[in-house]
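See below for the structure under consideration.
In my numbering, the protein residues as written are 16 to 291.
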């Protein structure tokens, strides 16, 4: 019987692969054309490069960033990481929006605190000037002291004017003073406000209500705070009070005049650059 001649298998790739290859080439050309027509956001590109560099940093506890071809080692200073984090979400080190202050972005972590300190001092100085001006208009400038730091403005009230000896309720004749100070504070309702009470060094003797000067100073600070909340509409969530007793005197407790200065209530208004 004659054997059937075996069919020879075809050589080369299947026909569909040629069509598929043409399609892939067309898609590649299409995306290359799109890329050529697009523009690169330099800021986002630098941010991406810096982020990738930080991921591959070679120093323990630190990071690196690459900008315009230069590698900057951050070392072990955690301020750089903190600065980068706040800048990435559009805030400064206090969590405040710095969209109106873009110069902040020009500084690295090691410089940022000094910049914030300077800007905070400028802000506090302006706040203090405004408060003094309002106090003069309200005719209470002689009854308060106004000072400032890079973090806050301090309004100091004479405790002897506000309270009777060993008492924490506000004297009726001093209520107008506290009320006018509250009107000034309303201008800074978005700021954190801290009220601290102080006493002189004379100990309380057998007082049935307060254990010591620390307790008394805390009660006085709370009294002022609650008056401002209940009568001036201040936001309780933006306020806090504490007492320091005879600690942190501003004058000698050896004289009656010095003790009178130490009996005081301080109201601190934190600026937008503070850490509060």
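Glycine included, every Cβ here is placed at the ideal spot set by N, Cα and C.
Item: Among residues of its own chain, excluding the 5 on either side of residue 176, which ones have a beta-carbon nearer than 8 angstroms to its beta-carbon?; Value: 158, 186, 189 and 192
Item: Between the Cα of residue 142 and those of 154, 166, 128 and 129, spot the shortest distance and give me the residue it belongs to.; Value: 166
Item: Are the region 253-262 and the region 212-232 touching, with three or more C-beta to C-beta distances below 8 angstroms?; Value: yes
Item: Mapping the DSSP letters down to three states, classify residue 173 as helix, strand or coil.; Value: strand
Item: Quick check on residue 163: buried or exposed, where buried means 16 or more other Cβ atoms within 10 Å of its Cβ?; Value: buried
Item: So, using beta-carbon positions, are residue 208 and residue 283 closer together than 8 angstroms?; Value: yes
Item: So, helix, strand or coil for residue 163, using DSSP?; Value: strand
Item: How far does the alpha helix (DSSP H) with residue 197 in it extend, from its first residue to its last?; Value: 190-200
Item: Taking the continuous alpha helix (DSSP H) assigned at residue 237, which residues delimit it?; Value: 228-247
Item: What are the boundary residues of the beta strand (DSSP E) that residue 212 is part of?; Value: 208-213
Item: From what residue to what residue does the beta strand (DSSP E) around residue 258 run?; Value: 254-258
Item: If I follow the unbroken beta strand (DSSP E) through residue 279, where does it start and stop?; Value: 279-285
Item: What are the boundary residues of the alpha helix (DSSP H) that includes residue 30?; Value: 30-52
Item: Go ahead and pull the three-state DSSP assignment for residue 217.; Value: coil
Item: What is the rounded straight-line gap between the Cα of residue 128 and the Cα of residue 134?; Value: 10 angstroms
Item: When you compare each of 215, 280, 131 and 46 to residue 290 by their alpha carbons, which one comes out closest?; Value: 131
Item: Excluding five sequence neighbours on each side, which residues of the same chain lie with their C-beta closer than 7 angstroms to the C-beta of residue 267?; Value: 273
Item: Identify, in the order they occur along the chain, each residue of the same chain with its Cβ nearer than 6 angstroms to the Cβ of residue 210, setting aside the five sequence neighbours on each side.; Value: 236, 239, 240, 256 and 282
Item: Do you know offhand how far residue 222's Cα is from residue 212's?; Value: 18 angstroms
Item: Please confirm whether residue 3 and residue 139 have their CB atoms less than 8 angstroms apart.; Value: There is simply no residue 3 to check, as the chain begins at 16 and stops at 291 in what is shown.
Item: Which same chain residues end up closer than 6 angstroms to residue 153 when comparing Cβ atoms and leaving out the 5 residues on each side of it in sequence?; Value: 195
Item: Excluding the 5 residues preceding and the 5 following residue 264 in the sequence, name in chain order all residues of the same chain whose CB lies nearer than 6 angstroms to its CB.; Value: 277
Item: With a threshold of 7 angstroms on Cβ separation, who are the neighbours of residue 250 within its own chain once the five nearest residues in sequence on each side are excluded?; Value: 204
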